[in-house]
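These protein sequences, in sequence, are chains A and B.
Our numbering puts the first residue of the first sequence at 1, with every later residue one more than the last.
Our numbering puts the first residue of the second sequence at 1001, with every later residue one more than the last.
There are 2 protein chains.
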Amino acid sequence: MTNLMSRDELEAALRAIGAERYHSLHPFHKKLHGGELNKGQVQAWALNRYCYQAAIPRKDAALMARTTCRELRREWIHRIQDHDGDGIEEEGGIERWLALTTGLGIDPEIVISTKQALPATVHAVEEYVEYVKRGPMVQAVASSLTELFAPKIHEERISGMLENYDFIDESVMKYFRRRLNQAPRDANFALKYVLEHADTIDLQQKALEALTFKCNVLWAQLDALYFAYFEPGLIPPGAFRPQET
Amino acid sequence: MTNLMSRDELEAALRAIGAERYHSLHPFHKKLHGGELNKGQVQAWALNRYCYQAAIPRKDAALMARTTCRELRREWIHRIQDHDGDGIEEEGGIERWLALTTGLGIDPEIVISTKQALPATVHAVEEYVEYVKRGPMVQAVASSLTELFAPKIHEERISGMLENYDFIDESVMKYFRRRLNQAPRDANFALKYVLEHADTIDLQQKALEALTFKCNVLWAQLDALYFAYFEPGLIPPGAFRPQET
């Protein structure tokens, strides 16, 4: 029988999910950061991950569309701005991700079309967008809490990729540098919101489920990359086929 | 049999809908601007209209959640900011509307709860939020085009209400002053988008339908106000009952 947790207990339970399930633990990430992939495999990762990046503002707008709480919307809108930029002064995370894929030598039109992404990537990403439209708000908000664990993976990625790949330089890593500051700000707000609003056993369970769901969204993308581009290397019909190894 | 219209023809057809159906033509508005209402009736109008104002950011976020077009999102996000404000420097349209209802002597808690709004108001407003989630994007965007006709009504309202009611002063009319600039900017972008993207007979018809739908959303709110608070004056159970006449 589950009991109502204190805020500290709930936070610990949320963090425990990350410790067990965050995609930093996935073998594909270890290979990515450790320099064990060839350029084509890194391209495939960046092209697929673009789908996720590009969908985030839709996910965040869908979440905002549900709430009558102006304070929540006022805070959440920063996420859309961070990703979309304003087209004038601030390029935004999606554009920074395109700097990475272009730096890796992939035609941006192919990336933006998302037509060569793996089906499992698209499914995971679109299911995430739909997920935040359902269930209680605290569940939708809790699904963003993977950002609690993001700074560490970004740091590993920046140092690991710069060190291990001669086709990666500082100029294409600006997405991750920027997220080092943005993700903790967003995560802190969302964590506070969840700890405050998950005030029943049911809502606490839903918050934990949401974070598990989201870890799965990230994990499944790496499973699909591993399967298609590493081992056994079965690229689905129509998916991106690297020219470089 | 309908033919594909030129851009000019489509614009003219859209404007013709406003000329026939925009709520500036509604008898309740004429009475409101003309000083024919008592304070309780103006309160009822402001309290009900708050529901609409407060729902607009949800509607705009719902529209943004549908589009993969970053340029459209970058432009549309201003609408949410205009209404929600940032809680720091910019108070936003919803807060400016609350200045009006508070200036009219209604407890803001009652207004914000929307519990005393007319059922027809809530139905119209929530149906508008849902409408932009359906059909082609150009239809969703076209539903915002009532803003093409807004400046004129705002001007009439500012001068008419200041002149005709001793319980209205400049300080509570700031919502309308601000919209004199915001509405045309938004409407121009949306009109350009619709003229560009409604490039089939079917999409042109859907754009015209969307604007008609939206005129009806506004019109139905005034019908309900007229019926409940003017003639025959049948206030539904639970709805706001003015104390002042």
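C-beta: ideal position from N, C-alpha, C; glycine also.
This one's a predicted model, so the numbers in the text were calculated from it and none came from an experiment.
Please name the residue, chosen from A/Arg73, A/Ile80, A/Tyr50 and A/Ala198, that lies closest to A/Glu9 on a Cα-to-Cα basis.
For this step, residue 9 of chain A is matched to residue 9 along the first sequence. Cα-wise, what sits closest to A/Glu9 is A/Ala198.
For A/Cys300, collect the residues of the same chain with a Cβ closer than 8 Å to its Cβ; drop the 5 residues on either side in sequence, then sort them by chain order.
Absent from the model: residue 300 of chain A. The displayed extent of chain A is 1 to 245, so no value can be given.
The alpha helix (DSSP H) that contains B/Ser978, what's its start and end?
Chain B is shown only over 1001 to 1245; residue 978 of chain B falls outside these bounds and no answer can be derived.
Whole angstroms are fine: how far does the CA of B/Lys1152 sit from the CA of B/Glu1231?
For this step, residue 1231 of chain B is matched to residue 231 along the second sequence. For this step, residue 1152 of chain B is matched to residue 152 along the second sequence. Between B/Glu1231 and B/Lys1152, the C-alpha separation is close to 26 Å.
Which runs of the alpha helix (DSSP H), 4 residues or longer, sit entirely within the segment 10-34 of chain A?
27-34
Cα-Cα separation between A/Arg15 and A/Trp219, rounded to whole angstroms:
Locating residue 15 of chain A in the first sequence gives position 15, counting from the first residue. Locating residue 219 of chain A in the first sequence gives position 219, counting from the first residue. Taking the straight line joining both Cα atoms gives about 16 Å.
Three-state secondary structure (DSSP) at A/Thr102?
Here the question's residue 102 of chain A lines up with position 102 in the first sequence. Three-state DSSP puts A/Thr102 in a helix.
Using only the alpha-carbon positions, how far apart do A/Glu170 and A/Leu162 sit?
In the first sequence, residue 170 of chain A corresponds to position 170, counting from 1. In the first sequence, residue 162 of chain A corresponds to position 162, counting from 1. Cα-Cα distance, rounded: 7 Å.
Against chain B, with Cβ distances strictly below 8 Å, would A/Met5 count as a contact?
Walking along the first sequence from the start, residue 5 of chain A turns up at place 5. So no, A/Met5 is outside the interface.
Taking only three categories from DSSP, how would you classify B/Leu1211?
Here residue 1211 of chain B refers to the residue found at position 211 when the second sequence is read from its first residue. Helix.
Verify the CB distance criterion: does B/Met1064 have a CB-CB separation below 8 Å to chain A?
Taking the second sequence and counting its residues from 1, the one referred to as residue 1064 of chain B is at position 64. At least one chain A Cβ lies under 8 Å of B/Met1064.
Taking Cβ-Cβ distances shorter than 7 Å, what residues in chain A pair up with B/Asp1086?
Along the second sequence, one-based indexing puts residue 1086 of chain B at 86. Here the neighbours are Arg74.
Does any CB atom of chain B fall closer than 8 Å to the CB of A/Ala61?
For the purposes of this step, residue 61 of chain A is taken as the residue at position 61 of the first sequence. So, interface residue.
What residue range is occupied by the uninterrupted alpha helix (DSSP H) comprising A/Cys51?
Looking up residue 51 of chain A in the first sequence gives position 51. A/Cys51 -> alpha helix (DSSP H) spans Lys39 to Met64.
Burial state of A/Gly18, where buried means 16 or more other Cβ atoms lie within 10 Å
For this step, residue 18 of chain A is matched to residue 18 along the first sequence. So A/Gly18 counts as buried.
Cβ pair A/Ile106, A/Gln41 closer than 8 Å
In the first sequence, the residue the question calls residue 106 of chain A occupies position 106. In the first sequence, the residue the question calls residue 41 of chain A occupies position 41. It is not a contact, given that the beta carbons lie outside the stated cut-off.
By how many angstroms is the C-alpha of B/Ser1024 removed from the C-alpha of B/Leu1248?
No answer is possible for residue 1248 of chain B: it lies beyond the span of chain B, which begins at 1001 and ends at 1245.
Cα-Cα, which of A/Glu75, A/Ser159, A/Leu180 and A/Gln205 is closest to A/Val138?
The residue given as residue 138 of chain A occupies position 138 in the first sequence. The option with the nearest alpha carbon to A/Val138 is A/Gln205.
Going along chain B in order, which residues have a C-beta closer than 8 Å to the C-beta of A/Glu71?
Stepping through the first sequence from its first residue, residue 71 of chain A is reached at position 71. The answer, in chain order, is Gly1087.
Using the Cα positions of A/Leu145 and B/Tyr1022, report the straight-line distance between them to the nearest angstrom.
Counted from its first residue, the first sequence places residue 145 of chain A at position 145. Counted from its first residue, the second sequence places residue 1022 of chain B at position 22. Their Cα atoms are separated by approximately 45 Å.
May I have the straight-line CA-CA distance separating B/Asp1186 from A/Met64, to the nearest angstrom?
Numbered from 1 along the second sequence, position 186 holds the residue referred to as residue 1186 of chain B. Numbered from 1 along the first sequence, position 64 holds the residue referred to as residue 64 of chain A. Approximately 20 Å between the Cα atoms of the pair.
Limits of the unbroken alpha helix (DSSP H) element including A/Gln182
Counting from 1 along the first sequence, the entry for residue 182 of chain A is found at position 182. A/Gln182 -> alpha helix (DSSP H) spans Lys174 to His197.
According to DSSP, simplified to helix, strand and coil, what is A/Arg96?
To locate residue 96 of chain A, count along the first sequence from 1; it is residue 96. In the structure shown, A/Arg96 sits in a helix (DSSP, three-state: H, G or I).
Tell me whether A/Thr101 is buried or exposed, calling it buried when 16 or more other Cβ atoms sit within 10 Å of its Cβ.
As a first step, residue 101 of chain A must be located in the first sequence, where it is residue number 101. A/Thr101 is buried by the Cβ-count criterion.
Nearest to B/Ser1143 by alpha carbon, out of B/Ile1088, B/Leu1032 and B/Glu1209?
Position 143 of the second sequence, counted from the start, is the residue given in the question as residue 1143 of chain B. Comparing Cα-Cα distances from B/Ser1143 to each of B/Ile1088, B/Leu1032 and B/Glu1209, the minimum goes to B/Glu1209.
Straight-line CA distance for A/Glu11 to A/Asp202?
Here residue 11 of chain A refers to the residue found at position 11 of the first sequence. Here residue 202 of chain A refers to the residue found at position 202 of the first sequence. C-alpha separation (whole angstroms): 16 Å.
If contact is defined by three or more beta carbon pairs under 8 Å, each pair taking one atom from either stretch, is the segment 233-242 of chain A in contact with the segment 164-178 of chain A?
no
Skipping 5 residues on each side, what residues in its chain have a beta carbon closer than 7 Å to that of A/Trp76?
Numbered from 1 along the first sequence, position 76 holds the residue referred to as residue 76 of chain A. Once the five neighbours on either side are set aside, the close Cβ partners of A/Trp76 are Asp60, Leu63 and Met64.
Quick check on B/Glu1170: does DSSP put it in helix, strand or coil?
Position 170 of the second sequence, counted from the start, is the residue given in the question as residue 1170 of chain B. Here B/Glu1170 sits in helix by DSSP.
In whole angstroms, what is the alpha-carbon distance linking A/Asp84 and A/Pro57?
Mapped onto the first sequence, residue 84 of chain A falls at position 84. Mapped onto the first sequence, residue 57 of chain A falls at position 57. Computed Cα separation, rounded: 7 Å.
For A/Asn181, does the count of other Cβ atoms within 10 angstroms reach 16, so buried, or fall short, so exposed?
Taking the first sequence and counting its residues from 1, the one referred to as residue 181 of chain A is at position 181. Burial call: exposed.
Own chain partners of B/Trp1045 with C-beta closer than 7 Å, once the 5 adjacent residues on each side are dropped
Stepping through the second sequence from its first residue, residue 1045 of chain B is reached at position 45. Leu1032 and Leu1225, listed in sequence order.
Local Cβ density within 10 Å of B/Gln1243, reported as buried at 16 or more and exposed below that
For the purposes of this step, residue 1243 of chain B is taken as the residue at position 243 of the second sequence. Exposed, because fewer than 16 other Cβ atoms sit within 10 Å of the Cβ of B/Gln1243.
As assigned by DSSP and simplified to three states, the class of B/Ala1117:
On the second sequence, residue 1117 of chain B is found 117 positions in, with the first residue counted as 1. Correct three-state label for B/Ala1117: coil.
Close beta carbons around A/Glu95, own chain, < 8 Å, minus the five adjacent residues each side
Here the question's residue 95 of chain A lines up with position 95 in the first sequence. If we look at A/Glu95 and ignore the five residues flanking it on each side, its Cβ neighbours are Gly85.
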